[in-house]
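Inspection log for the structure reproduced underneath, given as structure tokens.
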Amino acid sequence: MSEPIPTGCDTVDTLLGGGFERGTVTQLYGPPASGKTNLALSAAVQVAADGGTALYIDTEGVSLDRFEQLARGATDDLEGTTSRVIISDALDFDDQREAVQDAGDLAATADLVVLDSATGFYRLERDTDDDGETLREVATQVTHLLGLARRHDLAVVITNQVYTDPEADSSRVRPLGGHTLSHWSGTVLRIERFRGGNRRATLEKHQAKAAGETARFKITDSGLEGVDEGV
């Protein structure tokens with residue numbers, strides 16, 4: 001198996017044992033503006049800056065200005081780097097399904113596939129979805145990506161939204177899709193924003209490391225920067 005995919009942030013890479021693991025799915029979940037997209041997009045840029053190819057399935061309307069900022073911070077070859085990140089826009093759940101299926105066409109040459117977010121459209125549809133069909137479809141998409149990861153030794157990163165569990169402490173948020181998506185994720189990383197605009201990544205599931213370990217980072221104009229745990 002090849003080396004992990006670096007995230008562009010040294011503290012998060014250390015937490016993950018080198019970066020996003022190949023051959024499995026990494027789930028990033030957290031509230032809005034916590035840093036999920038920045039982390040996923042930064043990894044895609046790192047892949048491209050190293051000469052690899054990344055597929056970025058975008059359901060959220062990723063900022064192309066931010067994409068260019070990250071690319072400028074990672075390399076002098078802006079045009080070459082941005083050309084190796086293939087952004088596929090999904091405007092609804094059908095688009096998302098099609099983009100995930102089409103990922104198979106690029107898997108043989110890709111190092112990283114990102115689905116940002118896996119659950120945005122699911123959240124819109126789940127209130128009228130009495131039989132859980134939409135969640136089953138999301139799970140089918142994730143298992144398809146997992147199959148690509150295993151067959152082609154690439155990394156898959158999905159971002160996930162959160163909800164407040166009414167049966168738990170009101171301050172405790174949980175990932176959409178719950179145990180279903182967690183089951184198909186080899187790594188689960190909770191991303192939170194806290195004082196001073198810093199972010200905390202907490203490892204909730206990993207195939208080789210203990211749950212509960214954390215890393216801190218901040219988002220800068222040019223990328224992501226690790227923050228000492230004491231800060």
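Position one of the sequence shown corresponds to residue 1 (UniProt numbering), numbered consecutively onward.
C-beta: ideal position from N, C-alpha, C; glycine also.
Contact check between the segment 44-52 and the segment 89-98: fewer than three CB pairs, one atom from each, fall below 8 Å, which does not count as touching. Counting only runs of 4+ residues, the alpha helix (DSSP H) found wholly inside the segment 10-50 occupies 10-15, 36-49, in chain order. Straight across, the Cα-Cα distance linking N160 with D10 is about 23 Å.
Per the coordinates, the alpha-carbon of E3 lies some 15 Å from the alpha-carbon of A44.
Residue pairing for F217: DSSP places it in a beta bridge opposite R199, G226.
By the criterion of at least three beta-carbon pairs nearer than 8 Å, the segment 145-158 is in contact with the segment 99-118. Membership of L176 in any beta strand (DSSP E) is not indicated, and neither H nor E is assigned to it by DSSP.
A distance below 7 Å between beta-carbons, with the five flanking residues on each side excluded, links T14 to the following residues of its chain, in chain order: A215. Non-local beta-carbon contacts of L70 in its own chain, meaning distances under 7 Å to residues more than five positions away in sequence, involve L41, S42, V45, G223 in chain order. Per the coordinates, the alpha-carbon of D102 lies some 11 Å from the alpha-carbon of L148. Residue pairing of L189 in beta bridges, as defined by DSSP: L28, L203. Cβ contact annotation for F194 (same chain, cutoff 7 Å, sequence separation greater than five): R200, in chain order. Taking 8 Å as the cut-off, the Cβ atoms of D58 and I87 count as close.
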